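In terms of the UniProt record's numbering, the sequence shown opens at residue 1 and continues consecutively.
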Amino acid sequence: MTAETESVETHPSGRRSFLGLVTTAGVATGAAACAIPFVQSLQPQDSAAAHLPVDVDISHLAPGQQMTAVWQSKPVFIIHRTPEDLNRLQDASLIALLRDPESDAHQQPDYTRNWHRSLVPEYGVYVGICTHLGCVPAYVKESTSGPAGGLYGCPCHGSRFDLAGRVFKGVPAPYNLPVPPHVMPSASIIRLGENPAGKTFDFGSIEQI
1 MTAETESVET HPSGRRSFLG LVTTAGVATG AAACAIPFVQ SLQPQDSAAA
51 HLPVDVDISH LAPGQQMTAV WQSKPVFIIH RTPEDLNRLQ DASLIALLRD
101 PESDAHQQPD YTRNWHRSLV PEYGVYVGIC THLGCVPAYV KESTSGPAGG
151 LYGCPCHGSR FDLAGRVFKG VPAPYNLPVP PHVMPSASII RLGENPAGKT
201 FDFGSIEQI
């Protein structure tokens, strides 16, 4: 093989190597660009406005319906539970399936450590982030499996929570869904980020989110 022939044959290989490096660099840059907004969304906001209470109008939330609000960049589920839902939450056959039915783990304020995990039985308020790896569970209005009726199902790894945000046994999530500080200044408003008068609760003190 002559030097001239070797030179002709090695150029395409060198060009392919160069193009490969360019492609790899481009993919890495693109992935980094996509990751930046996600990473930034996880960082705490310095703005004082981000920590102000948020009023949510629930006047049009019918029994059996759920809405999602945003508080401190977190999705917050607000569900208007039906009388049937409330009966199921107290059913012994459901309670036997739950990992922490009495809310012993510090995942909620003391003022919501009750069988419905809320200020009033009709309205449940939970941070909608699975306590396994941070996916957002989906509201299943009527489940055909088990006595729970409606429930929250995590689409990532199958964790399940009842309509009080209590985690089932045998799923990856270790804790109940967190309950944020909240108060009801009127029958149609839920204020996220504020405790009732005379009550204290630091959301940063919970076991896990």
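In this text, a Cβ means the ideal position worked out from N, Cα and C, and glycines have one as well.
Please read these numbers as outputs of a predicted model, since none were measured by experiment.
Open item on the list: Within 10 Å of its beta-carbon, does P155 have 16 or more other beta-carbons around it, so buried, or fewer, so exposed?
Closed with: P155 comes out exposed.
Can the beta-carbon of E194 be found closer than 8 Å to that of P181? yes
Exercise for review: Could you tell me whether the Cβ atoms of S93 and N176 are closer together than 8 Å?
Suggested key: no
Alpha helix (DSSP H) segment containing D85, residue limits
83–89
TODO: Report, in whole angstroms, the separation of the C-beta atoms of G150 and D85, which I expect to be a contact under 8 Å.
DONE: Right, the Cβ-Cβ distance comes to about 6 Å (below 8 Å), so this counts as a contact.
For P174, which option in Q208, A187, G204 has the closest C-alpha, if you only look at C-alpha atoms? Looking at the Cα atoms, Q208 is the closest of the given residues.
Would you please state the rounded distance, in angstroms, between the beta carbons of D117 and G124? I believe it to be under 8 Å. In the sequence as presented, Asp is not what sits at residue 117; that position holds Arg. Right, the Cβ-Cβ distance comes to about 7 Å (below 8 Å), so this counts as a contact.
Check: Which two residues bound the contiguous alpha helix (DSSP H) that contains S93?
Finding: 92–95
By the three-class DSSP mapping on this structure, what secondary structure does T131 have? coil
Check your understanding: Using DSSP with H/G/I as helix, E/B as strand and the rest coil, what is F201?
Key -> Three-state result, F201: coil.
ask   = Taking only runs of the beta strand (DSSP E) that begin and end inside the stretch 104–131, which ones reach a length of at least 3 residues, in chain order?
value = With a minimum length of 3 residues, the continuous beta strand (DSSP E) runs that stay inside the stretch 104–131 are 123–127.
Q. Can you tell me the Cα-Cα spacing of residue 210 and S188, whole angstroms?
A. For residue 210 there is no data in the structure shown, the boundaries of the chain being 1 and 209.
Any idea which residues DSSP pairs L98 with across the strands? F168
Check: To which residues of the same chain is D100 closer than 6 Å at the C-beta, ignoring the five residues directly before and after it?
Finding: N176
Check your understanding: Which one or two residues does DSSP pair with V70 in a beta bridge?
Key -> Answer is P75, bridged to V70.
With a Cβ-Cβ cutoff of 8 Å, do L192 and A69 count as a contact?
yes
### Query
The beta strand (DSSP E) spanning residue 213 covers which residue range?
The chain is shown from 1 up to 209; residue 213 falls before or after that span and cannot be answered.
Let me know if L89 comes out buried or exposed under the rule of 16 or more other beta-carbons within 10 Å of its beta-carbon. When all chains shown are included, L89 counts as buried.
Practice prompt. Using three-state DSSP, classify T29 as helix, strand or coil.
Written response: Only weak support is given to the placement of T29: the predicted model assigns it a pLDDT of 37, under 50, and the question is left unresolved by the model.
| request: Tell whether a beta-carbon distance below 8 Å holds between V171 and G158. | output: yes
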